[in-house]
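If you want my numbering, it's the position in the sequence shown, counting the first as 1, plus 425. C-beta atoms are modelled at their ideal positions from N, C-alpha and C, and glycine is treated no differently. Quantities reported herein were computed from a predicted structural model and do not represent experimental measurements.
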Amino acid sequence: NFLPIAFSDITDNETFYHGAILNGSSIVIRESLNLARSTAKASNISVQIPDYQYQGSPISQKLFGGTQTFINQIVRVFAKIGAANKTQIGSFRLTDISSDGHTLQLSLTAPQPWNFIEFPQDKTETQVYIPVVYGDYTENKEGELSDANDASFCDSKKLYPCPNLNYGVFENSTQKDHIYFVYPKSYSSVAGPHFYDKNLDLFIQFTGTDSPNNQITTQQLGAHTVGVNIDMQRGFFLSRAKNPVDGGSANTWGNPDRAVDGNLSNPGATASCSPDNSTDGSVNTATATLKFDVPLMDGERGTPYYIYVKGSVSHTHTSGTTNTTLRVQNTVVCTRDQADGSGTTNTTGYTIKGQTGYARATVTSDTVEITLKSQTQGTSPAGSGNGSAHVNDIVIQQIGINDIANEPSAALDKLSNLDAVYCGGDGLTASWDDGAITEIHEAHRDLLMRFGGLSSDDPTGWSDLESSKDWQIRYWRTEPIALKKALELLQYEGGFIGKFAPDGTYKYIHIKDGNYTLTSDTTLTKNDIADVVVQPTPLSEVITQMDISYRKHPAGKDYLKSVTFQNAAARKTYNMPAKENIKKINLDAYVGDHTDENDIPTSATTEVNDDWATYYDNIFGSVKLLVSCTIVNPKFYALEVGDVIGFDDMYPETPFSYNSSSWTANNMVFMITSYQRSLGTIKIQARQIK
């Protein structure tokens, strides 16, 4: 399907191009970049030709209705100057043809393979979308009652939702007690489904699923699934007590919060008791009570239910019969008496997450009391002594479960109505090499290949982008979204722009770290350009403070992390009022830079690509220069948007106190952000990026 046409008759490489284009002077190819949103835009063009005779019949019959198909085929646009080789300056698709009987109007559209495409696309037999998931995730370990050391605090929120298969229970004997949930792919491990407990804000792994060790997906109704038993047993998980308070006894606990902050190196909560001396044989007692409520879980608490305490009692024995005990409810977890003598006894018996020295008590109520009790008894000699205690940590171990024995229908309804479970298995692998996808730009490329038809060849600029960016991703979709919208979201959060180059290949653009090396092929002087306008970027574009929320909560509850990033120097330089030039930003895919997922800093770091905020602060944290001009030297006609250029020897002095002869020496570099090409004219606008 080849039809060569031109502004005038010309032969190039033995191919004759018909000079059939009527509106050559009005055809304008426009491209632009929006660095604020990291997007690219390309204009469409319209070409007019007469309905001339071509190979014995009207050209209209060849273009439409003939043996060849031209609609939606690629149209390549070339520029040829003198005897030089032609250069491709555009790639389009023929999307529409109209005619008034004499003149044909050919509508050419810039390539946008993402148009009218949504994802996810695959569905189960029950019409549930199979999720699309990218990133590195971490499950919370399934606990065992017999080994608290192997249980989990469920502190990972690096999970994603897996929707309900919406089938109900199966009839066969091996599946009739399970409800199934849809996973993005097959897993041979780490597929354990988690329940989101909204009261505790924890993701707790289910036990008793349909797969060995909870970790393997099975095929059901066109999807990879895991089935959850209707008893919804989850645990045995660990959590720390919250908001402990003094119980109101005569003796008080100091620093009760230290008993639940997880910092085992601090002194913990402390209390001391000094009972009266006993001289008549009666038992005198002094107590100090630390009280806390165990947060109610979403569902019923199963049994057993334990409290672990790490601490110590110190006892001073003077005479008679004396003792000091530390109790959880009525269970003694640490004791020392006159037989032991004065000194300190530590709790012992259990290990939690590698930390030894915990004692355990079984409890039943939602309110728990930890009591220091010191007693004396004696006549002659009198009972005399006192005691104190430290509590360094309080850990709760519990299990959640549905009461299927007494309420089987309600238990089934609760699980059947559960919208999703949550998984800590890693997301999809790369379409081009099956490698792990952990970075934002990798997910962007995979979406283009998986749903947009991009080839597996490395796009232009891919290697540089791989070298510059290590920004981590966790991103999932369980319901359809426009592919274009998702791609632009990832571009913004990944700090890069993806676009089709004039030659039709895909290209990645970003601002690199360090200095750019400008050559004579990328440095323009006053001899190369005309109609020069130099101006600063508007103050309204300067963003000197960003209030950023990121690391999206798997259950859709806002974000897990927030930071205020500020360019204090710019705020002072431009005399910014306290509430101006501040932007609130939510990042749905970005979770941090590097594999360590470093937090976004509060101010800019060394290199542009160190993190999301530093990258955009480099662009919009201060006023920059804009240069608009017309290129008159054919040497630079191959430049395009996204190219990095410099200016030198423009005038003895340019506006705004910048001496153009020093721009290159100072490595002041610009990126072409706007490009307009028409017959015999190329206009650009370039924005300072360094």
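From what residue to what residue does the alpha helix (DSSP H) around residue 998 run?
-> For the purposes of this step, residue 998 is taken as the residue at position 573 of the sequence shown. Per DSSP, residue 998 belongs to the alpha helix (DSSP H) from 993-998.
Using the Cα positions of residue 986 and residue 1028, report the straight-line distance between them to the nearest angstrom.
-> Locating residue 986 in the sequence shown gives position 561, where the first residue counts as 1. Locating residue 1028 in the sequence shown gives position 603, where the first residue counts as 1. Take the alpha-carbon of residue 986 and the one of residue 1028: they are about 16 Å apart.
Length of the line joining the Cα atoms of residue 462 and residue 975 = Numbered from 1 along the sequence shown, position 37 holds the residue referred to as residue 462. Numbered from 1 along the sequence shown, position 550 holds the residue referred to as residue 975. Rounded to the nearest whole angstrom, the C-alpha separation of residue 462 and residue 975 is 17 Å.
CB contact flag (residue 582, residue 628, <9 Å) = Working through the sequence shown from its first residue, we reach residue 582 at position 157. Working through the sequence shown from its first residue, we reach residue 628 at position 203. Going by C-beta atoms, residue 582 is nearer than 9 Å to residue 628.
Cα separation between residue 1075 and residue 1113?
-> Walking along the sequence shown from the start, residue 1075 turns up at place 650. Walking along the sequence shown from the start, residue 1113 turns up at place 688. The alpha-carbon atoms of residue 1075 and residue 1113 are separated by roughly 16 Å.
7 Å Cβ shell around residue 1088 - same chain, five flanking residues per side excluded | In the sequence shown, residue 1088 corresponds to position 663, counting from 1. So the list reads 1071, 1072, 1073, once near-sequence residues are dropped.
Beta carbon of residue 695, beta carbon of residue 679: below 9 Å?
-> Taking the first residue of the sequence shown as position 1, residue 695 is located at position 270. Taking the first residue of the sequence shown as position 1, residue 679 is located at position 254. Contact: yes.
For residue 1003, which of 969, 1014, 1011 has the nearest alpha-carbon?
-> Numbered from its first residue, the sequence shown carries residue 1003 at position 578. Of the candidates 969, 1014, 1011, the one whose C-alpha sits nearest the C-alpha of residue 1003 is 969.
Is residue 884 helix, strand or coil by DSSP?
-> As a working mapping, residue 884 is identified with position 459 in the sequence shown. DSSP places residue 884 in coil when its eight states are reduced to three.
Going by other Cβ atoms of all chains shown within 10 Å of its Cβ, with 16 needed for buried, is residue 965 buried or exposed?
-> Numbered from its first residue, the sequence shown carries residue 965 at position 540. Residue 965 should be labelled exposed.
Within the same chain, show all residues whose beta-carbon is closer than 6 Å to that of residue 737, passing over the 5 residues directly before and after it, in chain order.
-> Position 312 of the sequence shown, counted from the first residue, corresponds to residue 737. Here the set comprises 769, 771, 815.
Any idea if residue 764 is buried or exposed, counting beta-carbon neighbours within 10 angstroms, 16 or more meaning buried?
-> Taking the first residue of the sequence shown as 1, we reach residue 764 at position 339. Result: exposed.
State buried or exposed for residue 832, treating a residue as buried only when at least 16 other CB atoms are found within 10 Å of its CB.
-> The count along the sequence shown starts at 1 and reaches residue 832 at position 407. Exposure of residue 832 is indicated by the presence of fewer than 16 other C-beta atoms within 10 angstroms of its C-beta.
Identify every residue that forms a DSSP beta bridge with residue 662.
-> One-based indexing of the sequence shown puts residue 662 at position 237. Listed as beta-bridge partners of residue 662 by DSSP are 823.
Is it true that the CB of residue 1042 sits closer than 9 Å to the CB of residue 1006?
-> Translated into positions along the sequence shown, residue 1006 becomes position 581. Translated into positions along the sequence shown, residue 1042 becomes position 617. Not closer than 9 Å, so no.
Whose CA, out of 653, 882, 640, lies closest to the CA of residue 595?
-> Locating residue 595 in the sequence shown gives position 170, where the first residue counts as 1. Distances from the alpha-carbon of residue 595 to those of 653, 882, 640 put 653 closest.
Nearest-angstrom Cβ-Cβ length linking residue 1066 and residue 458, presumed shorter than 8 Å = If you number the sequence shown from 1, residue 1066 lands on position 641. If you number the sequence shown from 1, residue 458 lands on position 33. Indeed they touch by this definition, with Cβ atoms about 5 Å apart.
Taking the beta strand (DSSP E) that residue 909 falls in, what are its first and last residues?
-> Your numbering for residue 909 matches position 484 in the sequence shown. Segment 908-919 is the alpha helix (DSSP H) holding residue 909; no beta strand (DSSP E) there.
Nearest neighbour of residue 618, chosen from 521, 542, 649 [CA to CA] | As a working mapping, residue 618 is identified with position 193 in the sequence shown. Distance from the Cα of residue 618 is smallest, within the candidate group 521, 542, 649, for 649.
Spatial neighbours of residue 539 within its chain, please: CB distance less than 7 Å, with the 5 preceding and 5 following residues excluded, ordered by chain position.
-> By 1-based counting over the sequence shown, the position of residue 539 is 114. Only residues of its own chain outside the window of five on either side were considered, and among them 877, 908, 909, 912 have a CB closer than 7 Å to the CB of residue 539, listed in chain order.
DSSP on residue 473, reduced to helix/strand/coil?
-> Taking the first residue of the sequence shown as 1, we reach residue 473 at position 48. Here residue 473 sits in strand by DSSP.
Going by alpha carbons, who is nearest to residue 810 out of 530, 774, 742, 921?
-> For the purposes of this step, residue 810 is identified with residue 385 of the sequence shown, where counting begins at 1. Per the Cα distances, 742.
Straight-line CA distance for residue 699 to residue 799?
-> Within the sequence shown, numbered from 1, the residue matching residue 699 stands at position 274. Within the sequence shown, numbered from 1, the residue matching residue 799 stands at position 374. For residue 699 and residue 799, the distance between alpha carbons rounds to 7 Å.
Endpoints, alpha helix (DSSP H) assigned at residue 1041 | To locate residue 1041, count along the sequence shown from 1; it is residue 616. That run of the alpha helix (DSSP H) goes 1037-1045.
Option in 807, 767, 950 with minimal Cα separation from residue 705 = If you number the sequence shown from 1, residue 705 lands on position 280. Measuring from the Cα of residue 705, the nearest candidate turns out to be 807.
With residue 876 as the anchor, note down where its alpha helix (DSSP H) starts and where it stops.
-> In the sequence shown, the residue the question calls residue 876 occupies position 451. In the DSSP annotation of this structure, the continuous segment of the alpha helix (DSSP H) that includes residue 876 starts and ends at 865-877.
Bridge partners - residue 1051, DSSP secondary structure assignment = As a position in the sequence shown, residue 1051 is number 626, starting the count at 1. Looking at the DSSP output, residue 1051 sits in a beta bridge with 960, 1112.
Determine, using beta-carbon pairs with one atom in the stretch 817-825 and one in the stretch 515-532, whether at least three such pairs fall under 8 Å.
-> No, the stretch 817-825 does not touch the stretch 515-532.
Taking the continuous beta strand (DSSP E) assigned at residue 486, which residues delimit it?
-> Locating residue 486 in the sequence shown gives position 61, where the first residue counts as 1. Counting along the chain, no beta strand (DSSP E) covers residue 486; the unbroken alpha helix (DSSP H) around it starts and ends at 484-488.
How many Å lie between residue 1057 and residue 437 at the Cα?
-> Walking along the sequence shown from the start, residue 1057 turns up at place 632. Walking along the sequence shown from the start, residue 437 turns up at place 12. C-alpha separation (whole angstroms): 24 Å.
Contacting residues, own chain, Cβ-Cβ under 7 Å from residue 893 (five flanking each side not counted) = The residue labelled residue 893 in the question sits at position 468 within the sequence shown. Closer than 7 Å at the Cβ level, and outside the excluded window around residue 893, lie 935, 937, 938, 1034.
What does a CB cutoff of less than 7 Å around residue 915 pick up in its chain, not counting 5 residues either side in sequence?
-> Numbered from its first residue, the sequence shown carries residue 915 at position 490. Excluding sequence neighbours, residue 915 sits near 865, 868, 869, 1014.
Looking only at C-alpha atoms, which of 804, 760, 611, 631 sits nearest to residue 647?
-> Residue 647 sits at position 222 when you count from the first residue of the sequence shown. Comparing Cα positions, the closest option is 611.
Sequence-distant residues of its chain with Cβ nearer than 8 Å to residue 434 (five each side left out) = Indexing the sequence shown from 1 puts residue 434 at position 9. So the qualifying residues of the chain are 441, 442, 443, 444.
Measure from the alpha carbon of residue 754 to the alpha carbon of each residue in 790, 643, 616, then state which is nearest.
-> As a working note, residue 754 is residue 329 in the sequence shown. Of the candidates 790, 643, 616, the one whose C-alpha sits nearest the C-alpha of residue 754 is 790.
Continuous alpha helix (DSSP H) stretch holding residue 979: start and end | Within the sequence shown, residue 979 is the residue found at index 554, counting from 1. For residue 979, there is no enclosing alpha helix (DSSP H), as DSSP marks it with neither H nor E.
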